[in-house]
Amino acid sequence: MKFTTTEKQIIARFDNEVTRARWTDWKWQLKHCITDMETFEKLMGVTFSPEKRTRIQQTIDTFPMAITPYYLSLIDSDDMENDPVFAQAFPSEKELELLPCDMDDPLHEDTDSPVPGLTHRYPDRVLLLVSSTCAMYCRHCTRKRKVGDVDSIPDKAEISAGIQYIREHPEVRDVLLSGGDPLMLSDEYLDWILTEIRAIEHVEIIRIGTRIPVVLPYRVTDNLVQMLKKHHPLWLNTQFNHPKELTASSRWALARLADAGIPLGNQSVLLNTINDCPRIMKSLVQKLVYNRVRPYYIYQCDLSMGLSHFRTSVGKGIEIMESLRGHTSGLCVPTYVIDAPGGGGKIPINPTYLISWSTHKVVLRNYEGVITTYQEPDSYKPVYCDQDCEHCTLQLKLADADEYKATGIERLLCDYDDSYAMSPEQPDEEEPAQEMQEALSVQ
Ligand SMILES: *Cc1c(COP(=O)(O)O)cnc(C)c1O
-11 MKFTTTEKQI IARFDNEVTR ARWTDWKWQL KHCITDMETF EKLMGVTFSP
39 EKRTRIQQTI DTFPMAITPY YLSLIDSDDM ENDPVFAQAF PSEKELELLP
89 CDMDDPLHED TDSPVPGLTH RYPDRVLLLV SSTCAMYCRH CTRKRKVGDV
139 DSIPDKAEIS AGIQYIREHP EVRDVLLSGG DPLMLSDEYL DWILTEIRAI
189 EHVEIIRIGT RIPVVLPYRV TDNLVQMLKK HHPLWLNTQF NHPKELTASS
239 RWALARLADA GIPLGNQSVL LNTINDCPRI MKSLVQKLVY NRVRPYYIYQ
289 CDLSMGLSHF RTSVGKGIEI MESLRGHTSG LCVPTYVIDA PGGGGKIPIN
339 PTYLISWSTH KVVLRNYEGV ITTYQEPDSY KPVYCDQDCE HCTLQLKLAD
389 ADEYKATGIE RLLCDYDDSY AMSPEQPDEE EPAQEMQEAL SVQ
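Shown next, in the form of structure tokens:
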């Protein structure tokens, strides 16, 4: 790998000598993360006004900054204010502007948590937070309430309690490790966590959510990859938000992970002035697939504290989906979701393709605007399911078929349940975190 021009520039501005080996050593990178404004100014060769410095410092005091030297080197210093990497990594005073709709924990991750650090929202899978630190603190982080906060670092006892919960819940077949960033843990510690979870018989898959391939690709060492591949089936989801982030180094990290048989997915966040453009998104998803990463989700930006300047309209997301489906490989098309405030989970949002229907025909439109019909079969006889798999002609033969309970909308549709209406309990109204509001409104 050759150094890029900006890498060379930044390396030259470090006081101590940086050899190639040290630049690509992830521990060196972590040790030299940029956490204060002076170092940022020095390495980028810029000077902020005293007023700007004061405002940025206030932001850093509330939400910490950390940028790896590698990620910093992707910033275009000639057009910094418009740079998508700068916007994701460098604090903005706008983070201190709070709207009435801003919430401390919009996804109710803490509310819906049976044991600290574990969220059990869906029937068959759980989210387990195993770290509260990251190599780079994304300015748009949905868990700003936690990351970088020393009081939020989960210790071994907390993680053990989470794993014990999974052990006691046979319905959990999928465990998502997140944080912070799970790949900030040492190989040995992560190996221990994965071994413990893998030993649970009912756990089928383990997923890791990490931004390491984007912000610190050198963390993907041989040793890490050899360790991870012992725990298959293991999936890994990362978060590239802009095609510019797919550098030679990050592509090399992705290739190593893919070569180890780890299926890779990407969860982008739709961000104002960063990637809210159909052409940027199309280029991003195509580059991801070229690098064996399946675009999985595009998230509407959450209602977490201080993210209002990052949010786009929902219409922008639909416009982007409209520009992808049909126009490029289906493999490149992620699902656009809103993670519902109040802990409703991810809700897919799509352009509408089903325009109308009658008893035997549906009217559809395609991506080009062609309007067409699909004639439904007259011969299709509804099969009423009475949960008697034993005498059903479809081959499934579920042993405990009659124990299966449909829930949610599925329950309204099924034949073996008499419910014809639902009224979910009123979700709690979320007060914007008062303390935080007050703390920030004094300036
Ligand atoms: C996102 C999420 C999951 C996983 O959702 P998938 O749609 O299966 O990827 C699980 N639990 C929580 C709390 C989540 O936020």
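Going by my numbering, the first residue of the sequence shown is number -11, and it counts up by one from there.
Idealized CB from N, CA, C, for every residue including glycine.
With residue i as the anchor, note down where its beta strand (DSSP E) starts and where it stops.
| i | result |
| --- | --- |
| VAL358 | Unbroken run through VAL358: none, as it is neither H nor E. |
| ASN211 | Taken as a continuous stretch (DSSP letters only), ASN211 belongs to no beta strand (DSSP E), being part of the alpha helix (DSSP H) at 210 to 216. |
| ASP162 | 162 to 166 |
| VAL350 | 349 to 353 |
| VAL371 | VAL371 -> no beta strand (DSSP E), and no H or E assigned at all. |
| ILE393 | Checking the sequence shown, residue 393 turns out to be Lys, not Ile. Unbroken run through LYS393: none, as it is neither H nor E. |
| ASP13 | Element bounds for ASP13: n/a, residue is neither H nor E. |
| THR107 | 106 to 110 |
| LEU116 | 113 to 117 |
| THR323 | 323 to 328 |
Smallest Cα separation from residue i: which of the options?
| i | options | result |
| --- | --- | --- |
| ARG133 | TYR110, ASP90, LYS369, ALA145 | ASP90 |
| ILE343 | GLY332, SER148, VAL358, ILE337 | VAL358 |
| ARG195 | ASP374, THR235, GLN255 | GLN255 |
| LYS82 | VAL302, LEU352, GLN45 | GLN45 |
| THR261 | PRO201, GLU159, ARG299, VAL281 | ARG299 |
| PRO251 | PHE228, LEU234, PRO72, PRO283 | PRO283 |
| VAL257 | THR226, ALA241, ARG280, ARG239 | THR226 |
| SER317 | GLN274, GLU307, HIS348 | GLN274 |
| ALA328 | VAL302, ILE308, ILE268 | VAL302 |
| VAL135 | LEU117, LYS144, VAL371 | LEU117 |
| TYR355 | TYR341, HIS128, ASP366 | TYR341 |
| LEU84 | GLY167, GLY294, ASP64 | GLY294 |
| ASP100 | VAL114, PRO88, ILE188 | VAL114 |
| ASN338 | ILE154, SER407, GLN288 | GLN288 |
| LEU242 | HIS379, GLY314, VAL213, ASP71 | VAL213 |
| SER148 | GLN76, THR50, LEU182, TYR278 | LEU182 |
| GLU39 | PRO52, GLY33, MET25 | MET25 |
| LEU165 | LEU106, ARG155, SER237 | LEU106 |
| HIS20 | SER61, LYS(-10), SER37 | SER61 |
| TRP223 | GLY167, ILE(-1), ASP162 | ASP162 |
| LEU18 | THR27, CYS122, ASP139, SER346 | CYS122 |
Do residue i and residue j have their C-beta atoms closer together than 8 Å?
| i | j | result |
| --- | --- | --- |
| TYR206 | THR42 | no |
| THR56 | VAL208 | no |
| THR47 | SER80 | yes |
| LEU384 | PRO94 | no |
| CYS373 | TYR404 | yes |
| GLY330 | ARG109 | no |
| ASP388 | GLN375 | no |
| TYR436 | GLY305 | This structure leaves residue 436 out entirely; the chain is present only between -11 and 431. |
| VAL160 | ASP98 | no |
| HIS220 | GLY249 | yes |
| GLY150 | SER120 | no |
| HIS230 | ILE268 | yes |
Less than 8 Å between the CB atoms is what I'm expecting for residue i and residue j, so what's the real figure, rounded?
| i | j | result |
| --- | --- | --- |
| THR198 | LEU171 | 5 Å |
| ALA409 | CYS402 | Between CYS402 and ALA409 the Cβ distance is about 14 Å, and since that is not below 8 Å, they are no contact. |
| PRO158 | HIS190 | 5 Å |
| SER407 | ARG399 | 6 Å |
| LYS270 | PRO72 | About 15 Å separates the two Cβ atoms, so there is no contact after all. |
| ILE185 | ILE141 | Not quite, the Cβ-Cβ distance comes to about 20 Å (not below 8 Å), so this is no contact. |
Check whether the Cβ of residue i lies closer than 8 Å to any Cβ atom in chain B.
| i | result |
| --- | --- |
| THR226 | Here chain B cannot be found, since the structure has a single protein chain. |
I'd like the span of the alpha helix (DSSP H) that includes residue i, first residue to last.
| i | result |
| --- | --- |
| LEU400 | 397 to 401 |
| LEU31 | 25 to 32 |
| LYS82 | Counting along the chain, LYS82 falls outside any alpha helix (DSSP H), and DSSP gives it neither H nor E. |
Practice task
With a floor of 4 residues, list each alpha helix (DSSP H) that falls wholly inside the stretch 214 to 291, ordered by position along the chain.
Solution key: 236 to 247, 266 to 278
Problem - Secondary structure, beta strand (DSSP E): runs of 3+ residues fully inside the stretch 123 to 209 - result: 162 to 166, 193 to 197
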